[in-house]
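Novice: This is the structure I have questions about; it appears just below.
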Amino acid sequence: MNTNLILQAFLGGGLIGLGAFALMLFNGRIAGISGITFGAIFSHNGGGKNNNSENNKWRWFFILGLVIAPLITSVFGFSLPDTFPSAFSASSNNVINISLMVIGGLLVGFGTNLGSGCTSGHGICGISRLSARSITATCVFMVSAILTVAMIKHLFGGA
Numbered sequence: 011m012n013t014n015l016i017l018q019a020f021l022g023g024g025l026i027g028l029g030a031f032a033l034m035l036f037n038g039r040i041a042g043i044s045g046i047t048f049g050a051i052f053s054h055n056g057g058g059k060n061n062n063s064e065n066n067k068w069r070w071f072f073i074l075g076l077v078i079a080p081l082i083t084s085v086f087g088f089s090l091p092d093t094f095p096s097a098f099s100a101s102s103n104n105v106i107n108i109s110l111m112v113i114g115g116l117l118v119g120f121g122t123n124l125g126s127g128c129t130s131g132h133g134i135c136g137i138s139r140l141s142a143r144s145i146t147a148t149c150v151f152m153v154s155a156i157l158t159v160a161m162i163k164h165l166f167g168g169a
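So this is what it looks like as structure tokens:
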């Protein structure tokens, strides 16, 4: 096993946990990415008590951090292993891959709405709070992911 990958996973997992802890400690918020993103985009509508731009800034900074983190880590020499498939590699059909990513993104968005949260909110924050609902949701997410990969790999001949 590659020691570098183990260290990267350990560091990444630790930083995710630290980020979730810090967000709860300083903002009293759960680090659920779908909720943070939804709140950032749609919080100006409605007129609830949390719908002001000052309260919304942290959401945009959180999202910005998610977007620029891979760029920052690449500066320090971290990268995906060569065995990790690229959606935009020369040997792939970009139109099909981009279409599948868009469809997958829409389905994930629908699923997070249906499941009242995403793997970050339920899997990281909910399980750490011993929430039965979050433990159940995370188990459903994992079983769905395993079945999806098995179906794509064995029924459709995917990678």
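Residue numbers (our numbering): 11 to 169.
Glycine included, each C-beta is placed from N, C-alpha and C at the ideal position.
Would you mind working out which of 164, 163, 134 sits nearest residue 28, comparing C-alpha positions?
Specialist: For the purposes of this step, residue 28 is taken as the residue at position 18 of the sequence shown. For residue 28, the nearest C-alpha among the options comes from 134.
Novice: Let's see if you can read the secondary structure: which residues bound the alpha helix (DSSP H) around residue 29?
Specialist: On the sequence shown, position 19 is the one that residue 29 refers to. Here the alpha helix (DSSP H) through residue 29 covers 13 to 37.
Novice: Since residue 3 is in the alpha helix (DSSP H), which residue starts that stretch and which ends it?
Specialist: Only positions 11 to 169 of the chain appear in this structure, which leaves residue 3 out of reach.
Novice: How is residue 133 classed by DSSP in three states: helix, strand or coil?
Specialist: To locate residue 133, count along the sequence shown from 1; it is residue 123. Taken through DSSP and simplified to helix, strand or coil, residue 133 comes out as helix.
Novice: With distances taken from CA atoms, which of 152, 112, 109, 111 is nearest residue 130?
Specialist: Within the sequence shown, numbered from 1, the residue matching residue 130 stands at position 120. That would be 152, whose Cα lies nearest to the Cα of residue 130.
Novice: Work out the CA separation of residue 159 and residue 167 for me, nearest whole Å.
Specialist: Here residue 167 is taken as the residue at index 157 of the sequence shown, counted from 1. Here residue 159 is taken as the residue at index 149 of the sequence shown, counted from 1. So the two alpha carbons sit approximately 11 Å from each other.
Novice: Applying the 10 Å Cβ sphere with the 16-neighbour rule, what's the burial state of residue 132?
Specialist: Locating residue 132 in the sequence shown gives position 122, where the first residue counts as 1. So residue 132 counts as buried.
Novice: Give the range of the alpha helix (DSSP H) segment to which residue 152 is assigned.
Specialist: The count along the sequence shown starts at 1 and reaches residue 152 at position 142. Residues 142 to 160.
Novice: Where does residue 73 fall in DSSP's three states?
Specialist: As a working mapping, residue 73 is identified with position 63 in the sequence shown. Looking at residue 73 - three-state DSSP - the assignment turns out to be helix.
Novice: Three-state secondary structure (DSSP) at residue 120?
Specialist: Locating residue 120 in the sequence shown gives position 110, where the first residue counts as 1. Three-state result, residue 120: helix.
Novice: Helix, strand or coil: how does DSSP classify residue 40 here?
Specialist: Locating residue 40 in the sequence shown gives position 30, counting from the first residue. Note: residue 40 maps to coil in three-state DSSP.
Novice: Under a Cβ-count criterion, where at least 16 other Cβ atoms within 10 Å of its own Cβ denotes burial, should residue 41 be classed as buried or exposed?
Specialist: Counted from its first residue, the sequence shown places residue 41 at position 31. That one is buried.
Novice: Below 8 Å on the Cβ atoms is my guess for residue 43 versus residue 149; work out the distance and round it to an integer in Å.
Specialist: As a working note, residue 43 is residue 33 in the sequence shown. As a working note, residue 149 is residue 139 in the sequence shown. Between residue 43 and residue 149, the beta carbon gap of about 19 Å keeps them out of contact (Cβ cut-off 8 Å).
Novice: Any idea what DSSP makes of residue 167, helix, strand or coil?
Specialist: Here residue 167 refers to the residue found at position 157 when the sequence shown is read from its first residue. DSSP places residue 167 in coil when its eight states are reduced to three.
Novice: Which one of 82, 67, 48, 157 has the shortest CA to CA distance from residue 122?
Specialist: Within the sequence shown, the letter at position 112 stands for residue 122. If we check each option's Cα against that of residue 122, 48 comes out closest.
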